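Encoded as structure tokens, the structure appears first; notes follow it.
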Amino acid sequence: MTDGTTTLHAVRSMGAGLPWLDKLTPTADAPIASPASGRSLVGAATRAVSREAVLWAVEVGYRTAERIRAELPAFGEGDGAFEILRVGTESTTLQSLLALAGEDIDAAAPSEALDGVADFVRQGISLDMLLRGIHLGHSGMSAGFLAACERFVEPAERLEQVQVVSERLFAFIDVFSSEMVERFLQEQMRWSTSDAAAKLELTTALLRGGPSEVISLSKRLAYDLTRSHVALIVWSSSRALDADTVELQGTAADLLTRMRCTQRLILPVGAGKVWAWGTPSGSADSVYDVAQSSELHDSIHAAVGQLSAGVEGFRRSHREAEAMVTLFSSVKVQPRLVHYREVDLLSLILSDQKRAREFAEAELGALGADTVQACDLRHTLAVYLDEQSSPNATASRLNISRNTVSYRVHRAEELLGHEVTERTLQMRAALLVFDAGS
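Letter 423 of the sequence shown, counting from 1, is numbered 423 in UniProt numbering, and no numbers are missing.
This is the structure:
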């Protein structure tokens with residue numbers, strides 16, 4: 001993004017208004033006929049352009065909100081979520097209409113759009129998702145203005161007008177993005193130090209097993225504890241302190257969205273870690289499938305507990321996620337995303353360290369030798385299994401050639417005396433036990 005002050009000046013002084021804006025009209029089948037934005041903004045727009053042009057902007061804002069909800073469903077979740085989104089896209093379209101009409105504006109982001117940011121934060125919308133929504137909004141808004149330009153401007157002037165509209169909207173959305181991001185970060189900080197902190201205190205007491213008034217506690221957490229729950233813990237292996245928190249919360253929200261959760265609770269619990277719970281609309285198998293198929297960014301990891309019911313299920317699923325975090329805290333090659341069902345056996349095995357080591361030595365045989373070569377083979381094999389036996393993905397992650405991966409896997413199989421896919425679960429467990437002890 002460019003410098004905010006400089007670009008805002010460019011937005012305020014865009015030049016003369018575009019005369020064809022008064023020709024804008026909504027379509028015959030416009031989905032809605034009245035504005036949702038505040039009277040002040042609608043009044044300013046009506047004074048600057050025709051009433052029909054204002055209703056055109058209302059329609060463009062509505063259709064843009066529909067597109068964002070279709071491509072980013074999290075924006076439409078919860079009571080009134082779509083209306084909040086719609087007010088934001090409509091008011092932004094009206095504000096851009098004012099700017100293109102040559103009117104002075106104090107900010108690119110209207111108050112209606114900025115006010116909606118607090119709701120986005122409470123919904124668990126991540127910064128990355130907010131920016132994607134802004135991008136989609138800009139795309140929809142620009143498409144509307146450019147199509148109108150094609151329709152109402154004479155061919156001889158059309159190319160110049162298209163360029164003017166494109167440049168002005170780019171300057172507008174550049175400032176708009178900066179203003180929205182600044183408000184988003186402010187709201188996140190406020191939220192994390194107020195409501196989220198209070199909820200964390202309540203949740204911590206609940207996890208410790210103290211007496212709980214379920215109905216009262218559900219209301220205070222804005223999360224129904226009587227339903228079924230899946231717990232997540234998302235953490236960063238980079239431990240970049242608070243800088244990671246926004247991204248971790250966004251990752252938790254994205255995973256819960258993929259699990260089609262009808263409610264969710266997301267709590268930052270310190271540097272580099274987030275607790276989360278949700279109530280999936282699907283089965284336990286569908287939750288497991290999401291955990292198996294999702295990909296996370298570098299240095300971000302997630303542990304997913306099993307789907308369990310009621311208050312005890314809330315606690316149990318979290319205990320399972322915590323067990324996995326503890327399990328992998330001393331492992332060099334941490335899995336990106338793991339479901340408790342994958343490692344429940346390993347978790348039990350490692351409750352007895354001595355027997356766990358004996359199991360791993362028996363499973364790996366010569367591959368468990370205390371040599372640099374054997375260590376390299378074990379490390380490669382662990383990544384190979386983590387990457388679903390893909391030589392290409394393994395090579396990319398380890399920054400070695402595909403042939404080297406194939407050679408090491410083949411050599412490991414020679415030392416094992418069987419293919420690595422024969423006892424995958426036991427092999428993963430043995431490799432993790434060895435890695436944990438190294």
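Think of the CB as a built atom: it goes at the ideal place given N, C-alpha and C, for glycine as much as any other residue.
Fair warning: this is a prediction, and the values are worked out from it, not measured in the lab.
Endpoints, the beta strand (DSSP E) within which residue i is located
| i | result |
| --- | --- |
| G80 | Element bounds for G80: n/a, residue is neither H nor E. |
| V409 | Here V409 belongs to no beta strand (DSSP E); instead the alpha helix (DSSP H) covers 402 to 416. |
| G278 | 273 to 280 |
| V338 | 337 to 339 |
Closest by C-alpha distance to residue i, when choosing among the options
| i | options | result |
| --- | --- | --- |
| V343 | D352, A321, E361, K354 | A321 |
| E59 | G88, R122, E160, S178 | G88 |
| D285 | H297, V304, L267, S299 | V304 |
| T245 | A429, A113, V121, E361 | V121 |
| R423 | L136, M189, L364 | L364 |
| G80 | A109, L97, A36, A101 | A36 |
| R378 | P26, D352, E414 | E414 |
| S283 | P268, S299, R264, Q306 | Q306 |
| L221 | G17, Q263, G250 | Q263 |
| F172 | L97, L432, V287, T394 | L97 |
| R315 | V409, L225, I215 | L225 |
| A143 | S216, R63, P268, E182 | R63 |
| A374 | L416, S390, G140, N399 | L416 |
| D119 | R357, R190, S389, S40 | R190 |
| S50 | K23, V269, G310 | K23 |
| A198 | T257, V269, A107 | V269 |
| K273 | S299, V409, R260, T257 | S299 |
| S369 | L431, L85, V214 | The amino acid occupying residue 369 in the given sequence is Ala; Ser does not appear at that position. Closest by alpha carbon: L431. |
| T25 | G38, L206, P110, V54 | V54 |
Status (buried if at least 16 other CB within 10 Å, exposed otherwise) for residue i
| i | result |
| --- | --- |
| H418 | exposed |
| T204 | exposed |
| P280 | buried |
| G137 | buried |
| S194 | exposed |
| H297 | exposed |
| P73 | exposed |
| A240 | Unreliable positioning characterises A240 in this predicted model, as indicated by a pLDDT of 43, which lies under 50. The coordinate reading is nonetheless provided below. Its Cβ having fewer than 16 others within 10 Å, A240 is exposed. |
| E201 | exposed |
| G124 | buried |
| V420 | buried |
| D435 | buried |
| T27 | exposed |
| G209 | exposed |
| A323 | buried |
CB of residue i within 8 Å of CB of residue j, strictly
| i | j | result |
| --- | --- | --- |
| G76 | R69 | yes |
| L94 | V42 | yes |
| E167 | R158 | no |
| H229 | W275 | no |
| V325 | I233 | yes |
| A45 | A57 | yes |
| L255 | S294 | yes |
| H339 | A231 | no |
| S396 | H301 | no |
| Q161 | L18 | yes |
| T371 | T394 | no |
| M180 | I105 | no |
| V117 | F176 | no |
| A382 | L337 | no |
| S91 | E66 | no |
| L367 | A429 | no |
| G250 | D352 | no |
| R355 | V433 | no |
| L169 | F145 | yes |
Bounding residues of the alpha helix (DSSP H) (the contiguous stretch that carries residue i)
| i | result |
| --- | --- |
| I68 | 51 to 71 |
| N399 | Neither: N399 is in no alpha helix (DSSP H) and is coded neither H nor E. |
| L364 | 353 to 364 |
| G116 | 111 to 123 |
| R423 | No alpha helix (DSSP H) holds R423; DSSP gives it neither H nor E. |
| D208 | Here residue 208 turns out to be Arg, not Asp, going by the sequence shown. Counting along the chain, R208 falls outside any alpha helix (DSSP H), and DSSP gives it neither H nor E. |
| T371 | Note, T371: premise wrong, no alpha helix (DSSP H); not H, not E. |
| residue 492 | It is not possible to answer for residue 492, since the shown part of the chain is limited to 1 through 438. |
Heavy atom of the ligand MN within 7 Å of residue i beta-carbon
| i | result |
| --- | --- |
| S96 | With respect to the ligand MN, the structure shown offers nothing to examine, as it has no ligands at all. |
Segments of 4+ residues assigned as alpha helix (DSSP H) that fall wholly inside the stretch 128 to 195: Positions of the alpha helix (DSSP H) runs, each at least 4 residues long and wholly inside the stretch 128 to 195, are given as 155 to 193 in order along the chain.
Segments assigned alpha helix (DSSP H), at least 4 residues, entirely inside the UniProt domain "CdaR GGDEF-like" (211 to 324): 214 to 221, 245 to 258, 284 to 293
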